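Enquirer: Whatever position you read off the sequence shown (first residue = 1), add 7 for this note's numbering.
Positions of the beta carbon are idealized from the N, C-alpha and C atoms, including for glycine.
All of these numbers come straight from a predicted model, not from anything done at the bench.
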Amino acid sequence: EVSVSVGDVIFSCGDVCDRMLFVDSGKLGYRFGVSRCASGSTPQPQRENVYDINDDPVEVKRHSFLSEGALWMFWTNAGELSATKDSALFSIPTEEFCRVLQLYPEAQTHGCRYAKKFFALVIER
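(1) Which residues mark the beginning and the end of the alpha helix (DSSP H) in which residue 102 is found?
(2) Which ranges does the beta strand (DSSP E) cover as unbroken runs of at least 3 residues, wholly within the segment 61 to 105, from first to last along the chain?
(3) For residue 3, which of helix, strand or coil comes out of DSSP?
(4) Write down the C-beta distance between residue 27 and residue 74 rounded to the nearest angstrom, noting that I regard them as a contact closer than 8 Å.
(5) Can you name the start and end residues of the alpha helix (DSSP H) that residue 13 belongs to?
(6) Tell me the residue span of the alpha helix (DSSP H) that contains residue 118.
(7) Apart from the five residues just before and just after residue 114, which ones in its own chain have a Cβ nearer than 8 Å to its Cβ?
(8) Nearest to residue 63 by alpha carbon, out of 76, 40, 83 and 82?
(9) What does DSSP give as the partner residues of residue 20 in its beta bridges?
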């Protein structure tokens with residue numbers, strides 16, 4: 008479990024991500040980071056409704072999950088996540104997830120199928 012306080016930044020635009028996060032309690036704010044990512048080498052996703060880092064954050068509530076892509080592919084965060092209330096998150100580290108998945112052949116097969124679909128959707132967008 009990861010505990011964060013109001014104002015803490017959990018991740019920033021352009022950070023390489025190696026875990027999926029689940030919000031257990033509290034409230035977070037997410038800002039899509041066009042202005043901060045644009046100067047870096049991270050490719051920019053094409054989106055119709057793009058949030059600038061200066062815009063109000065999108066509210067992320069309890070039971071939400073973030074950065075699922077880190078489980079299935081190389082993932083770079085495209086925005087900034089910060090705590091707007093004291094919060095607790097659970098983390099699934101990518102390496103640990105893959106190690107456990109390999110222990111169960113049927114789960115690994117389903118995971119591979121899902122990863123291919125996930126990757127295709129990301130590329131499509």
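Expert: In this structure, then:
(1) 101 to 109 is the span of the alpha helix (DSSP H), which, as asked, contains residue 102.
(2) Listed in chain order, the complete beta strand (DSSP E) runs (minimum 3 residues) inside the segment 61 to 105 are 65 to 67, 86 to 90 and 94 to 100.
(3) There is no way to answer for residue 3, as the model of the chain reaches only from 8 to 132.
(4) About 5 Å separates the two Cβ atoms, so the contact holds.
(5) Taken as a continuous stretch (DSSP letters only), residue 13 belongs to no alpha helix (DSSP H), as it is neither H nor E.
(6) Element bounds for residue 118: 112 to 131.
(7) Excluding positions up to five away in sequence, the list reads 108.
(8) Of 76, 40, 83 and 82, the residue nearest in Cα terms is 40.
(9) Residue 20 pairs with nothing; no bridge assigned.
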